[in-house]
Amino acid sequence: MIELQGLTKCYGDTRVVDDISLTVEQGEFCVLIGPSGCGKSTTLKMINRLIAHSGGKVLVGGDDVTTLPPERLRRRIGYAIQSIGLFPHWRVADNIATVPRLLKWPASRIAERVDELLALFQLDTDGLHDKYPHQLSGGQAQRVGVARALAADPDVLLMDEPFGAVDPLTRDALQVELSRVHRQTGKTIVFVTHDMDEALRLASRVALLNGGQLVQYDRPAELLVAP
Ligand code: ADP
Ligand code: ADP
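Residue numbers (the working numbering): 945 to 1171.
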């Protein structure tokens, strides 16, 4: 589903992502892990072209991302980040509907899809769909962020430390929920974290990065953590 071929990003003379090649199969839960500054976020953002690469290639669903029109890319790839980026003046339901509206889905289909996602993320209580982001708990807001990323039913979901800002108990619950959503939807996920426990809990494959390079790419059970 995703193929990185010699993917490279330079800022000036510095290679912050250095010749990374890996394949993420359909339905895989791939976690990119490594120390701060090793190039995880940059790699992720080159998959959906938030950042242009300096060398190599990114294929998503067999297509080179440089040749896909932005709208097709947005339909194919959902993106969720730590700071969530919910629109503060929009209600939960409107936030979730962002991409389907950009894609001009009919209103009835959008309403149906929003209800589906509220149920999937157990947000279908207490008139929550009508609330504004500041009225939500941290955990609820994160779930809305992930629901929004899934709204247009993308093939691929990219997540950059989506649970980085919530307390440990909420984080625990969100991990369990995301695993369930992954099983139920069969989405291909690429998830960035610097937390090894989180990686081992969620991943079907772990990509270990260091200094911009791919050190290891394996199933969690095979992963050798250097002493
Ligand atoms: P990680 O997500 O693993 O913490 P990043 O991908 O955010 O790492 O960053 C990788 C490296 O690239 C870091 O050294 C960072 O300082 C550098 N970097 C990121 N963005 C820019 C930029 N716009 N200009 C110059 N250097 C950058
Ligand atoms: P692609 O050809 O890029 O893979 P699709 O056209 O198959 O994308 O659409 C992806 C998803 O979005 C599907 O679930 C499709 O039903 C839905 N979708 C896209 N555009 C519309 C639309 N205008 N009305 C209803 N559903 C849509």
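A virtual CB, placed ideally from N, CA and C, is assigned to each residue, including glycine.
The model shown is predicted, which means the values in this text are computed figures rather than measured ones.
Coarse secondary structure for residue i, derived from DSSP in three states
i       : result
MET1140 : helix
GLU1056 : helix
ARG1087 : helix
GLN1160 : strand
Residue i versus residue j - alpha carbon distance
i       : j       : result
ALA1073 : ALA1037 : Checking the sequence shown, residue 1073 turns out to be His, not Ala. Their backbone Cα atoms lie some 5 Å apart in a straight line.
THR987  : LYS1075 : 34 Å
ALA1165 : PRO1050 : 45 Å
LEU1062 : ARG1092 : 10 Å
GLN1066 : ASP957  : 47 Å
PRO1014 : GLN1160 : 31 Å
ALA1117 : ASP1139 : 16 Å
N-terminal and C-terminal residue of the alpha helix (DSSP H) that residue i is part of
i       : result
ASP1116 : 1112 to 1129
SER898  : This structure gives no information on residue 898, because the portion of the chain shown stretches from 945 to 1171.
ILE1021 : First-last for ILE1021: 1021 to 1025, but that is the beta strand (DSSP E), not the alpha helix (DSSP H).
Terminal residues of the beta strand (DSSP E) in which residue i lies
i       : result
THR1011 : No beta strand (DSSP E) contains THR1011, which DSSP labels as neither H nor E.
THR1069 : Where THR1069 is concerned, there is no enclosing beta strand (DSSP E), given that its DSSP letter is neither H nor E.
* Under 5 Å from any heavy atom of ligand 1, by CB: list those residues in chain order, please. => Qualifying residues come out as TYR955, VAL960, SER980, GLY981, CYS982, GLY983, LYS984, SER985 and THR986.
* Asked: Any contact of the region 1126 to 1137 with the region 1099 to 1106, i.e. 3+ C-beta pairs under 8 Å?
  -> Judged by Cβ distances under 8 Å, the region 1126 to 1137 makes contact with the region 1099 to 1106, as three or more pairs qualify.
* For the region 1150 to 1158 against the region 956 to 973, are there 3 or more C-beta pairs whose distance is under 8 Å? -> The region 1150 to 1158 makes contact with the region 956 to 973: 3 or more CB pairs, one atom from each, lie closer than 8 Å.
* To do: Flag this pair as touching only if the region 948 to 955 and the region 986 to 1003 have three or more C-beta atom pairs under 8 Å; answer yes or no.
  => Yes: at least three Cβ pairs fall under 8 Å.
* Asked: Hey, is the region 1082 to 1098 in contact with the region 1040 to 1057, meaning 3+ C-beta pairs nearer than 8 Å?
  -> Contact between the region 1082 to 1098 and the region 1040 to 1057 is present, because at least three Cβ pairs lie under 8 Å.
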